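J.: Residue numbers (this note's numbering): 7 to 284. For each residue, glycine too, the CB sits at the ideal point set by N, CA and C. Remember, it's a predicted structure, so these values are computed and weren't measured experimentally. Here it is, the structure in full.
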Ligand SMILES: NC(=O)c1ccc[n+]([C@@H]2O[C@H](COP(=O)([O-])OP(=O)(O)OC[C@H]3O[C@@H](n4cnc5c(N)ncnc54)[C@H](OP(=O)(O)O)[C@@H]3O)[C@@H](O)[C@H]2O)c1
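Have a look at this one:
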């Protein structure tokens, strides 16, 4: 099988390249093909002749998207549509990585795949609009919604906490946003399984369990920096350009329907911390 990964230089992309042992996997960064250039995208796909495309590339800076909505929409929605058109023209299957931020966070039970999208910020809107477009462009498409990614291949919350703990005795962390931390090697393996199962439609893929950012920080620092004090604060005490959903836990029912289950986030965090130490 031939697989082409857009966003191969990113945190998830690096793990995707390793998740298809025995297959012919090629990866692209923005330098190889900019999603905003339809000709770039189509010629990259024609050259690679993939059976499957995994579209992990995106403008992922959530606050940056709020300040530069034109770029967010151009890359995350219109760029994704370019990849979907190329997939349709070359008969390739497409996996699109989407986000828990397509939801507004008003629920207090895990979001199911059929819950209505109602994003609170530009990044979430760019992903929500991409989802609808892609499902129209190609029937051979699987939307993988995931959340709160962490991994050794990029900037992520555990890494930020551990770096801050080196210089600050006390960290103030938001305790009124809840989600599912997800370890990128686990996500990459689940995506590879979905490809093998010819998945279509929408699937929620996260590690098991859920927590607040404060609870996540406590688990990270208890393991690595037990003398650092972690103080819970509210979102209102830590204003940011983009509004975040208060609750974006994704139900894993759709993943279980494919016979796939990922370990709990605490188990994933232990493996991340080991991997980080090398
Ligand atoms: N991080 C999270 O917490 C989270 C949560 C939910 C969903 N997601 C989604 O999961 C996917 C992977 O996230 P990540 O954190 O691994 O991303 P990341 O580390 O920020 O990597 C982004 C990738 O996209 C590429 N890219 C950016 N702009 C591009 C453009 N205009 N044309 C082509 N490629 C471009 C980058 O290439 P360069 O290196 O060349 O810039 C890089 O390979 C994304 O779709 C993201 O939206 C992430």
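#1: Hey, residue 98 and residue 145: beta-carbon distance below 8 Å or not?
#2: Check whether the Cβ atoms of residue 239 and residue 168 sit closer than 8 Å, and answer yes or no.
#3: If we count the other Cβ atoms within 10 Å of its Cβ and call it buried at 16 or more, is residue 198 buried or exposed?
#4: Assign residue 265 to buried or exposed, taking buried as 16 or more other Cβ atoms, counted over all protein chains shown, within 10 Å of its Cβ.
#5: Can you tell me whether residue 185 sits near ligand 1, meaning its C-beta is under 7 Å from at least one heavy atom of the ligand?
#6: Determine the burial state of residue 90: buried for a count of at least 16 other Cβ atoms within 10 Å of its Cβ, exposed for fewer.
#7: Rounded to a whole number of angstroms, what is the C-alpha to C-alpha distance between residue 96 and residue 45?
#8: Please confirm whether any heavy atom of ligand 1 lies closer than 7 Å to the CB of residue 260.
#9: Taking the straight line between their C-alpha atoms, what separation do you get for residue 187 and residue 93?
#10: When burial is assigned at 16 or more other CB atoms within 10 Å of the CB, is residue 207 buried or exposed?
#11: Are the CB atoms of residue 200 and residue 103 within a distance shorter than 8 Å?
#12: Measuring only from the beta carbon, is residue 58 closer than 7 Å to any heavy atom that is part of ligand 1?
#13: Between the beta-carbon of residue 214 and the beta-carbon of residue 269, is there less than 8 Å?
#14: I need the boundaries of the alpha helix (DSSP H) containing residue 224, first residue and last residue.
#15: Please determine whether the Cβ atom of residue 155 lies at a distance below 7 Å from any heavy atom of ligand 1.
#16: Which runs of the beta strand (DSSP E) fall wholly inside the region 54–83 and span at least 3 residues, in chain order?
#17: Rounded C-beta distance between residue 81 and residue 54? I'm assuming under 8 Å.
#18: May I ask you to verify whether the region 22–35 touches the region 71–87, counting CB pairs closer than 8 Å and requiring at least 3?
#19: Give me the Cα-Cα distance between residue 180 and residue 220, rounded to the nearest whole angstrom.
#20: DSSP puts residue 238 in a beta bridge; with which residues?
#21: Given 7 Å as the limit, tell me if residue 106 has its C-beta closer than that to any heavy atom belonging to ligand 1.
#22: Give the DSSP-derived three-state secondary structure of residue 102 in the structure shown.
#23: State the DSSP-derived secondary structure class of residue 130, mapped to helix, strand or coil.
#24: If I measure Cβ to Cβ from residue 147 and keep anything under 7 Å in the same chain, skipping five residues before and after, which residues do I get?
#25: Using CA coordinates, which residue listed in 160, 112 and 196 is at the minimum distance from residue 251?
#26: Roughly how many angstroms separate the alpha carbons of residue 249 and residue 71, rounded to a whole number?
#27: Please confirm whether residue 257 and residue 210 have their CB atoms less than 8 Å apart.
#28: In angstroms, rounded to a whole number, what distance separates the CA positions of residue 273 and residue 192?
#29: Quick one, which of 40, 83 and 253 has its alpha-carbon nearest residue 241's?
T.: So, from the listed chains and residues:
#1: no
#2: no
#3: buried
#4: exposed
#5: no
#6: buried
#7: 14 Å
#8: no
#9: 30 Å
#10: exposed
#11: no
#12: no
#13: yes
#14: 219–230
#15: yes
#16: 58–61
#17: No, residue 81 and residue 54 are not in contact; Cβ-Cβ is about 20 Å, not under 8 Å.
#18: no
#19: 6 Å
#20: 179
#21: yes
#22: strand
#23: helix
#24: 90, 100, 102, 140, 141 and 206
#25: 112
#26: 11 Å
#27: yes
#28: 11 Å
#29: 253
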